[in-house]
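Everything in the sequence shown is counted per the numbering used here, starting at 27 for the first residue and increasing by one. From the three backbone atoms N, C-alpha and C, an ideal C-beta is built for every residue, glycine too. See below for the structure under consideration.
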Amino acid sequence: MGYYQRTLPPLWIGVAIALIAFIAIGVAEGGLGVLLPSIMSTYNLTPATVTLLFVSQISGYILAAFASSLVSSCLGLARMLLIAAVVLTMALVIYATSPYWLFMVAAGSLLGLGIGLIDAGINTYIVQDSRSANMIGLFHAFYGIGALSGPTIATTLLSLGMNWRQVYWVLACIVSLLIVSVLGAMIYRYTPMTRRVSTSNTTALENLRQSFQNPVVVLLPVPQQQKVYQIKQSNASQFL
Numbered sequence: 027m028g029y030y031q032r033t034l035p036p037l038w039i040g041v042a043i044a045l046i047a048f049i050a051i052g053v054a055e056g057g058l059g060v061l062l063p064s065i066m067s068t069y070n071l072t073p074a075t076v077t078l079l080f081v082s083q084i085s086g087y088i089l090a091a092f093a094s095s096l097v098s099s100c101l102g103l104a105r106m107l108l109i110a111a112v113v114l115t116m117a118l119v120i121y122a123t124s125p126y127w128l129f130m131v132a133a134g135s136l137l138g139l140g141i142g143l144i145d146a147g148i149n150t151y152i153v154q155d156s157r158s159a160n161m162i163g164l165f166h167a168f169y170g171i172g173a174l175s176g177p178t179i180a181t182t183l184l185s186l187g188m189n190w191r192q193v194y195w196v197l198a199c200i201v202s203l204l205i206v207s208v209l210g211a212m213i214y215r216y217t218p219m220t221r222r223v224s225t226s227n228t229t230a231l232e233n234l235r236q237s238f239q240n241p242v243v244v245l246l247p248v249p250q251q252q253k254v255y256q257i258k259q260s261n262a263s264q265f266l
């Protein structure tokens, strides 16, 4: 038993990645509310047109909800997390550099996709490594820390004279720390995230097909995303 315990990969690596991941997605989402008035002014948006950004983010998240099991089965958990972190960082960079509003709307789908894949990937890791199961509440609490830090960072940087595009560059740099941490886990060959785990006798594609055939599975995520949309709308209305 003692030998088995010594051969287990260190738990702190997975815990650190999970905490960074939840902070990253919290920061990426949380900064928008503070920056929204500046974005609307830059692109001359109305309350109706700005909602396209929220819709695109939701569409990306829903796509991730259905595709995450297929992607993780084909690529492995660590590669999926790496791709998701790159996609999320890339979306923030596009936010920071986009000359056209529709480019930013398209990047919103990437942002939702990246957040959804990271969320699914970290929860999959928690399930696979039972040692971290009792910390699931702590992990999700760090999303709250990220969601609080995003507006705080954005407000501070705006007060220092930075514009909203420069703020998104800073947020992209913060989120990119997740890329570094996942790459480190892959180089270290951290088995809880790099090993392939077979969870059923059917393929991931077959599981995805079955989920679409079940109306409960298909419809259940929609109200949750509508709730997120409504919350974001409420936050946005404070600045309109």
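**Prompt:** Taking the alpha carbon of residue 163 as the point to measure from, which residue in 37, 123, 36, 41 has its own alpha carbon closest?
**Reply:** 41
**Message:** In this structure, how does DSSP classify residue 72 when only helix, strand and coil are distinguished?
**Reply:** coil
**Prompt:** What residue does the alpha helix (DSSP H) around residue 186 start on, and which one ends it?
**Reply:** Unbroken run through residue 186: none, as it is neither H nor E.
**Prompt:** How is residue 216 classed by DSSP in three states: helix, strand or coil?
**Reply:** coil
**Prompt:** Does DSSP classify residue 155 as helix, strand or coil?
**Reply:** coil
**Request:** Check residue 42 in the structure and name its three-state DSSP category.
**Result:** helix
**Message:** If you reduce the DSSP assignment to three classes, tell me which class residue 102 lands in.
**Reply:** coil
**Message:** Using only CA atoms, which one of 204, 217, 37 lies nearest to residue 108?
**Reply:** 204
**Prompt:** Is it a yes or a no for the region 49-69 touching the region 167-181, going by three-plus beta-carbon pairs under 8 Å?
**Reply:** yes
**Item:** Distance, residue 134 Cα to residue 82 Cα
**Value:** 5 Å
**Asked** Would residue 77 pass as a contact of residue 202 if the rule is Cβ separation under 8 Å?
**Response** no
**Message:** Using a 10 Å radius around the Cβ and a threshold of 16 neighbouring Cβ atoms, would you call residue 75 buried or exposed?
**Reply:** exposed
**Asked** Using DSSP with H/G/I as helix, E/B as strand and the rest coil, what is residue 202?
**Response** helix
**Message:** To the nearest angstrom, how far is the alpha carbon of residue 181 from that of residue 197?
**Reply:** 12 Å
**Counted within 10 angstroms of its Cβ, other Cβ atoms place residue 124 as buried (16 or more) or exposed** = buried
**Request:** Give the secondary structure of residue 126 by DSSP, where H, G and I count as helix, E and B as strand, and everything else as coil.
**Result:** coil
**Message:** So, does the region 78-98 touch the region 138-145, judging by three or more C-beta pairs under 8 Å?
**Reply:** yes
**Asked** In three-state DSSP terms, what is residue 177?
**Response** helix
**Item:** Member of 101, 157, 172, 54 whose CA lies at the smallest distance from the CA of residue 119
**Value:** 54
**Item:** CA nearest to the CA of residue 191, picked from 38, 65, 147
**Value:** 65
**Request:** Give the straight-line distance between the Cα atoms of residue 200 and residue 87, rounded to the nearest whole angstrom.
**Result:** 21 Å
**Asked** Among 189, 214, 143, which has the Cα closest to the Cα of residue 101?
**Response** 143
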